[in-house]
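Reviewing the structure listed below.
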Amino acid sequence: MASVTFARSSIARLAFLQGMLLALAMVAVLGGVYFTTLRIIAADGDQSIALEAQGLAEEFRDRDLDAFVTSIVDRAEDPWVRGGVYELRGPRGDFLAGNVVVLPDLVLLPGGWAEFDVAVTRGDANASRLIRSKVLELGGGFRLLVGHDVQDRRAFRAVMLRSIAWAVVVALLFGLFAGWWLGKRISRAAHGISDSAGRIAAGSLGERLPLTGSGDEIDALVGRFNELLGRVETLTTTMRAVLDSTAHDLRGHLNRIRGAAQDSRRAATEPAQAAAADAVIGEIDRLGDTLQGLLRIALAESGTAPLEDVDLSAVATDLIEFYQPLAEAGQLSVTVEPALTVRGHRQLLSQALANLLDNALKYGRGTPISASLTREAGFARLEVTDRGPGIPVEHRELATQRFRRLPGSSGLPGSGLGLSLVAAVARLHHARLELGDAAPGLKVVLEIPTVASG
Amino acid sequence: MKILLVEDDRRASEYLAKGLRELGHVVEQAFDGESGLKAAETATYDVLVLDRMLPKLDGLEIVKRLRAAGSAVPMLILSALDEVDERIQGLRAGGDDYLAKPYHLEELAARLDALARRQHEPGAVGKLKIADLELDARARRVTRAGRKIELTAREFQLLEFLMRHAGQVVTRTMILEGVWDYHFDPKTNVIDVHISRLRQAIDKGFERHLLHTVRGAGYTLTEDP
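In order, the protein sequences belong to chains L and G.
Under the numbering used here, the first residue of the first sequence carries the number 1, and numbering increases by one thereafter.
Under the numbering used here, the first residue of the second sequence carries the number 1001, and numbering increases by one thereafter.
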């Protein structure tokens, strides 16, 4: 059913959206924290490198070269205790002191900054450490590289990235779950509403939706819906009661008038009196027929008509056979598949089909008529086609409304209720009614859901 | 025929009583449920006509009580409620027939006639006979003057219905309900066409016609029109 796929896709959409939003928010927040933290750590490290470099530059200016070289050698002696990396080169690029050899190939960033890896042997293990360094031009062609071990920063970055990735995955999963749960809840409520709306449309007006008692928006919606149902029920019951008592009353009046008219018809001595009484009786009978037609439509539309399993094939066969004598030889072609059972009201179904056949014979005026009842997946398809004038597209909607008689039909007998009864009976049976073009002629299709066994 | 009419609508009751009396019946009237039930219990009638909704005691209730007391008198329920389902309720309560308002006097009279005569019939016998027309319901066989007549299943049912009401007037509505179980007016002369087909089958070629049209009322199957 369309509503189910809609609900499912809306849950999926909601869950996906929720998950994505939560994950995005996570990325934004953690990303911000990550970059800020890294910037602070980097700024801190760079400052201490810059300070040491500045100190060494002053030392180079204030002391003689040998003392300075010795100082660098001292500093470079045990690099991994203090974490310092040094390399001093003379004016011709000759190595004077230090614990790394990187300067000749080093590509410098603005400000003399550079990052590189050095291989360190600790015990038996070889490890690669990240060094951040600043290269100073000391004057006279001397160049000094001062670097600090920032391997911890790299490790920190990796840990940080891993944490963020996990957080995003968790957020995504959590979001998907939250979305799914929320969607499920909304969809359950929506389904409940839709299901009982269906049952109510089918006539079970006393039905109410259960409240969850949580007092949330869905509960509020259900409460409102129930209020609405209460009103609909009251209105419908009142309408039915009014309709019943009005019909009862009108029938009583009509009966008295008919009695009086018939009385005067029998007492009539002049032909003119008799004719007048006959005319009155004729009008009363037409009024009675119209009233009955309206009441049958009301019965079908109220949805309160008791339903049973009806052998539609038998109903159709009987009715077609009933109308057959009105058709000319060979005018009516019939196909009826056997054993099609629908849940329905036998008398109303019979009358609806009778109206269709009657219309076809009346408007078809001797043209070929076909009536068929065929089995389709899940429903019985009833089709009645004539080759008469048909109903123009713009009038088809109108044709199923009460008392609407189409242009050109004024010369033919009819109350203007025939197709409206068919439409009401179709609604009662959850059937699809279609007025189509047989080019030329009218094609009426009625698709009635069959019961499982039929 | 002696008829008890229980109807609270006095004017409708008067018109109906007058009409039935003019047709030669004896009519007694009651205007509420209680007095109707009392009358039905104390006197003997050929048929009862009861309005569905009556003051003091409902028409259906009267039917139920009389049936519970063992009464076999035919009862016709008149009602301004004509839903097809109401009708079923009326028949289920023990009523023999149901007629919606506004009714035709001829229709009502024909139905009362049919109800009263059914009382005197010797039950559902297999063989029916009018003049030289014979119908064997069990063998599903029809003969006229000894010659076999071929009928469709529905024509057979129609003839059987007419033969069971031989000598009486049957209306189109009675035929519709009794033979087809349709409770709507087909608005066409389709019943007339069915009758004329049947007439072709049973009367054609015979000097004496058995199936006759009663103007303004219906049909009758009889030897002496």
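Think of the CB as a built atom: it goes at the ideal place given N, C-alpha and C, for glycine as much as any other residue.
DSSP places Y1015 of chain G in the uninterrupted alpha helix (DSSP H) bounded by R1010 to E1022.
L88 of chain L sits close to I72 of chain L, with the two beta carbons spaced by under 7 Å. Note on the segment 1097-1135 of chain G: whole alpha helix (DSSP H) runs with a minimum of 4 residues are 1105-1120, in chain order. Counting only Cβ-Cβ distances below 7 Å, V1190 of chain G has contacts in chain L at F322, Y323, P325 and L326, in chain order. Of all residues in the segment 1180-1205 of chain G, those with a C-beta nearer than 7 Å to a C-beta of chain L are W1180, Y1182, H1183, F1184, D1185, P1186, K1187, T1188, V1190, V1193, H1194 and R1197, reading in chain order. Under the three-state reduction of DSSP, G252 of chain L is assigned to helix. Annotation: Cβ neighbours of A354 of chain L in chain G (cutoff 8 Å, chain order): Y1182, F1184 and P1186.
Excluding sequence positions up to five before and after M1163 of chain G, its CB lies within less than 7 Å of the CB of L1128, I1130, L1135 and L1221, all in the same chain and listed in chain order.
Residue state for S1071 of chain G is assigned as coil, using DSSP reduced to three classes. Of all C-beta pairs linking the segment 1197-1215 of chain G to the segment 313-321 of chain L, fewer than three are shorter than 8 Å, placing the two stretches out of contact. A residue is called buried when at least 16 other Cβ atoms come within 10 angstroms of its Cβ; W166 of chain L does not meet this threshold and is exposed. For L361 of chain L and F322 of chain L, the gap between their C-alpha atoms comes out near 13 Å. A straight-line Cα-Cα distance of about 39 Å links L1020 of chain G and T237 of chain L. In the DSSP secondary-structure assignment, V146 of chain L is bridged to L:Y86 and L:K134. Listed along the chain, the chain G residues whose CB falls inside 8 Å of the CB of N255 of chain L are D1009, A1012, A1080, K1101, P1102 and Y1103.
Taking one beta carbon from each stretch, the segment 321-338 of chain L and the segment 358-377 of chain L have 3 or more pairs nearer than 8 Å; the two touch.
Of the candidates L:N126, L:R154, L:H191 and L:D64, L:D64 places its Cα closest to the Cα of F142 of chain L. Taking the C-beta atoms as reference points, A23 of chain L is found no nearer than 7 Å to V222 of chain L.
When Cβ-Cβ separations below 7 Å define contact, Y1098 of chain G makes no contact with chain L. Ranked by Cα distance from E207 of chain L, the first of L:G215, L:E227 and L:A190 is L:E227. Proximity of the segment 107-119 of chain L to the segment 130-141 of chain L meets the contact definition, three or more beta-carbon pairs being nearer than 8 Å.
For A380 of chain L, there is no enclosing alpha helix (DSSP H); the enclosing beta strand (DSSP E) covers residues F379 to T385. At least one CB of chain L lies nearer than 7 Å to the CB of Y1015 of chain G.
The contact set of I369 of chain L on chain G, defined by CB atoms closer than 8 Å, is empty, because the minimum CB distance reaches about 14 Å. Check the Cα spacing between I1175 of chain G and each of G:Y1219, G:R1215, G:T1188 and G:G1167: the tightest is with G:Y1219. Here DSSP, grouped into helix, strand and coil, assigns N99 of chain L to coil. The continuous alpha helix (DSSP H) containing K362 of chain L extends over residues R346 to G364.
For the segment 260-282 of chain L, the set of residues with a beta-carbon nearer than 8 Å to any beta-carbon of chain G comprises A260, Q262, D263 and R266, in chain order. Measuring C-alpha to C-alpha distances from L348 of chain L to each of L:R381, L:D386, L:L109 and L:L419 identifies L:L419 as the nearest. Under the Cβ criterion (8 Å, minimum of three pairs), the segment 1091-1106 of chain G counts as touching the segment 245-256 of chain L. The Cβ atoms of G175 of chain L and Q351 of chain L lie no closer than 7 Å to each other. Here the C-alpha atom of V1142 of chain G lies approximately 6 Å from the C-alpha atom of K1148 of chain G. Shown here for S264 of chain L: same chain residues with a beta carbon closer than 6 Å to its own, the five before and five after excluded, namely A277 in chain order. A direct Cα-to-Cα measurement between H1194 of chain G and H1183 of chain G gives close to 17 Å. Interface criterion met: the Cβ of V1084 of chain G is under 7 Å from a Cβ in chain L.
CA-CA distance, D62 of chain L to M160 of chain L, rounds to 44 Å.
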